[in-house]
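I have placed the structure first, in the form of structure tokens, so that the comments after it can refer back to it.
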Amino acid sequence: MMSDASDMLAAALEQMDGIIAGSKALEYSNGIFDCQSPTSPFMGSLRALHLVEDLRGLLEMMETDEKEGLRCQIPDSTAETLVEWLQSQMVGSACYKFLL
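Plus 63 on top of the position in the sequence shown (first one is 1) and you've got my numbering.
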């Protein structure tokens, strides 16, 4: 179970890192994104949200030692990107505006 959860978590973190970094967005030659494209920013945001929720669910099922072992496998750059994203002023103000 730990190996499966670890593999799923590692894959989800890699995908999230790419989405957050913007490497998954595909811009067409006219500068407009297609909302139906699986690589559009709209789908990327929804996908990132699902990945975050999947990550939360997996972490909630893991024991403390499993989490610590998994954390040691996550590249520092990935962890730093996620922490910066979650702590950024932009996220706080965007969430606040959404709630209004």
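Just so you know, even glycine gets a beta-carbon here, dropped at the ideal spot from N, CA and C. Values in this document were obtained by computation on a predicted structure and should not be read as measured data.
{"Asked": "Residues of its chain near leucine 145, where Cβ-Cβ distance is below 8 Å and the 5 sequence neighbours each way are ignored", "Found": "Leu76, Met79, Asp80, Ile83"}
{"Asked": "Simplified DSSP state of glutamine 78, which is helix, strand or coil", "Found": "helix"}
{"Asked": "Exposure of glycine 107, with buried meaning 16 or more beta-carbon neighbours within 10 Å", "Found": "buried"}
{"Asked": "As assigned by DSSP and simplified to three states, the class of threonine 131", "Found": "Per the sequence shown, the amino acid found at residue 131 is glutamate instead of threonine. Three-state result, glutamate 131: helix."}
{"Asked": "Distance between valine 115 and leucine 109 (C-alpha atoms, nearest Å)", "Found": "10 Å"}
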